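J.: There's a structure below that I have some questions on.
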Amino acid sequence: MNHLIKQLPASAFILAGGKSKRFESPKWKAMLGGITLLQRSWNLCTDLFESISIVAKSNYDFGEKRLIQDILNVQAPLTGIYTALKQSEHKWNFIISCDLPFISEEIILKLWDKASDECDSILPITSRGIEPTCSFYSITSLPTIEHMIENGNLSLHDLNKHINHAEVDFIEETNLFLNVNSQNDLKNAEQQILKSKNN
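Its first residue numbered 0, the sequence shown is counted upward by one per residue in numbering that gives the first Met the number 0.
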């Protein structure tokens, strides 16, 4: 961590999710590089943000880390973002899913540079498209989120079609947005870490 970086006037929320069908266990508990996926996300956010919280469906034991239980009993990232924004004390909020182990400070700061009163969210764009669970969301997006939930629409892509969003190009860094959805993805992530250590 570059300790010369001033904390951002924003909150960070880590989406821990629940039991994954493809992963067969809570992903946040998975070990990568000697620590859990959750701890990797926590370490990333610790010095950058004024407050950090975990959003989860179940009342897991996260030790001294602040836990916010999902307001709605629905398995979807949009409800986690809704819960985070309802609890936040800041206008801007960084939302990150715990299954994105290679997100860096540089990515977060590059996104933050786009923060303005003209947008409701700031999204990274990779070769796969937008990455809505590694993005900044303003509380100004709450009315749209509430309307979507009331109408049964839980699509993050639809959300960002209906709010003003800024996009940041990370097409050259698509590999850093590796999403750990399966045990095979976890093995690939481990290989990526070993490769970086050997270079």
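All C-beta atoms in this analysis are idealised placements derived from N, C-alpha and C, irrespective of residue type, glycine included. These numbers come from a predicted model, not from an experiment.
1) Using the rule of at least 16 other Cβ atoms within 10 Å of the residue's Cβ for burial, across every protein chain shown, is K194 buried or exposed?
2) Can you tell me the Cα-Cα spacing of M0 and S103, whole angstroms?
3) Grouping DSSP H, G and I as helix and E and B as strand, with all else coil, what is N92?
4) If you scan the stretch 35-86 from start to end, which runs of the beta strand (DSSP E) of 3 or more residues do you find wholly inside it?
5) E105 by DSSP, collapsed to three states: which one?
6) Pull up the distance between the alpha-carbon of R65 and that of L141, whole angstroms please.
7) Do you know offhand how far L37's Cα is from E149's?
8) Looking at C-beta atoms only, is the number of pairs between the stretch 167-180 and the stretch 4-17 that lie closer than 8 Å three or more?
9) May I ask which residues mark the beginning and end of the beta strand (DSSP E) holding L7?
10) Unbroken alpha helix (DSSP H) runs of length 4 or more, entirely within the stretch 108-196: which are they?
11) Taking 8 Å as the limit between beta carbons, can you name the residues of its chain near Y81, skipping five residues before and five after?
12) On the DSSP bridge list, what partners appear for L31?
13) Report yes if the C-beta distance between I34 and S52 is below 7 Å; otherwise report no.
14) Between the Cα of Y59 and the Cα atoms of K26, K186, W91 and Q191, which residue gives the shortest distance?
15) Pairing CB atoms from the stretch 155-169 with CB atoms from the stretch 114-128, are three or more of them under 8 Å?
16) Can you list, in chain order, the residues of its chain whose CB lies under 7 Å from that of I94, leaving out five sequence neighbours each side?
T.: Result, derived from the coordinates:
1) exposed
2) Low per-residue confidence applies at M0: pLDDT is 46, beneath 50, and the placement is therefore not dependable, though the value from the model is reported in the following sentence. The straight-line gap from Cα to Cα measures roughly 10 Å.
3) strand
4) 48-55 and 66-68
5) helix
6) 22 Å
7) 30 Å
8) no
9) L7 to G16
10) 141-149 and 155-161
11) I70, L71, L141, I144, E145 and I148
12) I34
13) no
14) K26
15) yes
16) F12, L14, I80, A83, T132, S134 and Y136
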